[in-house]
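So the structure is just underneath, and the comments pick up after that.
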Amino acid sequence: MTRYEYSQKMYEAMGVDTEKALNTLKDITISVHCWQGDDVVGFDSKESLSGGIQTTGNYPGKASTPEELMADIDKAFSLIPGKKKLNLHACYAIFENGEFADRDALEPKHFDKWLKFAKDRDMGIDFNPTFFSHPMVKDGLTLSSPDEATRKFWVKHGIQCLKISEYFANETGIPCVMNIWIPDGYKDIPADRLSPRMRFKKSLDEILATPYDKSKVYVTLESKVFGIGLESYTVGSAEFTLSYSTKAGITPLMDNGHYHPTELVSDKISSLLAFNEKIALHVTRGVRWDSDHVVLLDDETKEIAKEIVFHNALNRVFIATDYFDASINRISAWVTGVRNVQKALLNALLLPAEKMKALQENGDFTQLMYLQEECKTLPFGDIWAEFLMRENVSGDYYNEIKKYEEKVLVNRK
Ligand code: RNT
Ligand code: ZN
54 MTRYEYSQKM
64 YEAMGVDTEK
74 ALNTLKDITI
84 SVHCWQGDDV
94 VGFDSKESLS
104 GGIQTTGNYP
114 GKASTPEELM
124 ADIDKAFSLI
134 PGKKKLNLHA
144 CYAIFENGEF
154 ADRDALEPKH
164 FDKWLKFAKD
174 RDMGIDFNPT
184 FFSHPMVKDG
194 LTLSSPDEAT
204 RKFWVKHGIQ
214 CLKISEYFAN
224 ETGIPCVMNI
234 WIPDGYKDIP
244 ADRLSPRMRF
254 KKSLDEILAT
264 PYDKSKVYVT
274 LESKVFGIGL
284 ESYTVGSAEF
294 TLSYSTKAGI
304 TPLMDNGHYH
314 PTELVSDKIS
324 SLLAFNEKIA
334 LHVTRGVRWD
344 SDHVVLLDDE
354 TKEIAKEIVF
364 HNALNRVFIA
374 TDYFDASINR
384 ISAWVTGVRN
394 VQKALLNALL
404 LPAEKMKALQ
414 ENGDFTQLMY
424 LQEECKTLPF
434 GDIWAEFLMR
444 ENVSGDYYNE
454 IKKYEEKVLV
464 NRK
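In structure tokens form, the structure reads like this:
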């Protein structure tokens, strides 16, 4: 008997079908953020990263050209099992022959290289307008700016991105999730909290007035509680984005780094599922603040996965990763984080969900606790190893990445 077969029997005794779990896992798409590869820099602006987000560290080998970033994504994806989607930001536009287009003039053609990249790999693309790291961010504001020229510039950016998203969906045949996140906020106590929010609302209305095919493009809106240098007030707060999403019929997005440290996204998912057909997540790990550390297989990541799996919501939740660590090998950061999202999902798929739910409904909390704790020591590693084997990826990604680092990354300027 193989280790997998032996472990399968142990799960069977708990009432869990490991084959079903593995078959479900292999079809779950994770939208992998491209920005881990170059510390959220992109190719369209010489501005340093702004918007209250920050990468720290200067590990060698950062990608600084489209070719390098694509090669690194390929390397990372070759070591990540399961289905992937490419999550791009508008600042990753690729200009050729000295041509340039500002954010308000971006067109689908500026992403044709990415489109080809994705198509060649049978992947869909998700997209994000980039409302940061740009000279038109005035006093930290974009869509909520009181300066009409600034606000209009960013509205135009949003509209162009909507067109690009629809282009991706049409060309790949896979729906595109377009996420709107703006950094807008104030460092110190504002005199007027309402006017910026009213302008943000108006700007979103103007962007969404552009006709687009709602079966192909899912517009999501991401909230945030604060940013660096924007500690006192964030225009796109949780209440604002949730209310707006509901009213406009778009999809709310929760990033688990965007709440007060004792608030848990795992507890929020069910509330949003009660009111939305689809919801979206940015899976990250905040350490004391929205630090965007690499996702680990920690309790909260497992609990988030459990909420999706236990409520049969795998086809209702868009799962994307969002973190950026510049202090370790960036490819390893990618692989570790995405694998951990998948491990958390597998962990949830290997729990006797119906039995646990019934124990709760029957008020048998003693047995529920017993079962929850027993499941923690089941041979999860054997089932994960089986998944990697079926997906033809090795468990040892470290040495593979180390080789790539020595051969490719260290030679970069
Ligand atoms: C910032 C948000 C946002 C960004 C990306 C780069 O706090 O999480 O999603 O991380 O758009
Ligand atoms: Zn995010």
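For the sequence shown, my numbering begins at 54 and goes up steadily by one. We put the beta carbon where it would ideally sit given N, CA and C, even for glycine. The structure presented is a predicted model; accordingly, all values stated were derived computationally and were not measured.
In terms of residues, what are the limits of the alpha helix (DSSP H) holding residue i?
i	result
E275	Unbroken run through E275 is the beta strand (DSSP E), V270 to E275; no alpha helix (DSSP H).
S131	P119 to S131
T203	E201 to T225
T294	A291 to A301
A406	A406 to E414
R56	R56 to A66
Just how far apart, CA to CA, sit residue i and residue j?
i	j	result
S111	T203	Sequence check: residue 111 is Asn here, not Ser. So the two alpha carbons sit approximately 33 Å from each other.
S385	S117	17 Å
G151	K73	52 Å
D343	L404	30 Å
R341	G105	15 Å
P119	F164	11 Å
R383	Q89	6 Å
K255	L196	9 Å
K410	R369	20 Å
P314	R338	11 Å
S296	K408	35 Å
V394	P305	20 Å
H346	K396	17 Å
P249	S101	25 Å
K466	E121	12 Å
K429	L349	16 Å
L326	E316	17 Å
K191	G68	58 Å
W174	I126	First, the residue type needs correcting, since residue 174 is Arg and not Trp in the sequence shown. When rounded, the distance between both Cα atoms is 11 Å.
T263	D70	47 Å
T354	N400	10 Å
D375	G416	38 Å
W437	D351	16 Å
A366	N464	45 Å
N76	E444	11 Å
T419	V94	51 Å
L412	N309	29 Å
So, for residue i: in the same chain, excluding its five sequence neighbours on each side, which residues have a beta-carbon less than 7 Å away from its beta-carbon?
i	result
A222	P228, C229, K269 and V270
S98	C144, S186 and H187
P432	S60 and M63
R392	I133
H364	S323 and L326
D80	K136
Given that a residue counts as buried once 16 or more other Cβ atoms are within 10 Å of its Cβ, and exposed if not, what is residue i?
i	result
F130	buried
G434	exposed
T55	exposed
S323	exposed
D245	exposed
T299	exposed
L168	buried
E439	buried
S103	buried
A66	exposed
M422	exposed
Identify, in the order they occur along the chain, each residue of the same chain with its Cβ nearer than 8 Å to the Cβ of residue i, setting aside the five sequence neighbours on each side.
i	result
A379	D92, T108, T109, G110, N111, Y112 and K115
K49	Shown here, the chain extends from 54 to 466; a query on residue 49 therefore has no answer.
G280	G104, G105, I106, P236, G238, T287 and D343
Excluding sequence positions up to five away, which residues of its chain have a Cβ less than 6 Å from the Cβ of residue i?
i	result
S84	K138, N140, D179 and A373
F170	M123
P243	Y286
Y450	L132 and V388
H210	R156, D157 and P182
A468	One cannot answer for residue 468 here, as it falls past the ends of the chain, which runs 54 to 466.
F253	L196, S197 and V288
P161	I217 and Y220
Ends of the beta strand (DSSP E) at residue i?
i	result
W342	W342 to H346
K136	K136 to H142
P305	T304 to D308
D179	I178 to N181
I372	V370 to T374
I332	I332 to V336
I106	Unbroken run through I106: none, as it is neither H nor E.
C229	C229 to I233
V48	The structure shown does not extend to residue 48, since the chain is modelled only from 54 to 466, so the question has no answer here.
How close, in whole Å, do the beta carbons of residue i and residue j come, if the pair is a contact with beta carbons under 8 Å?
i	j	result
L441	P134	6 Å
G289	I235	6 Å
E219	Y265	5 Å
I303	V336	About 20 Å; that fails the 8 Å criterion.
L398	L78	6 Å
F371	L334	7 Å
V318	I361	Not really, about 11 Å apart at Cβ, beyond 8 Å.
A301	L247	The pair is not a contact, with the Cβ atoms about 19 Å apart (cut-off 8 Å).
F96	A154	Not confirmed; about 12 Å, so no contact.
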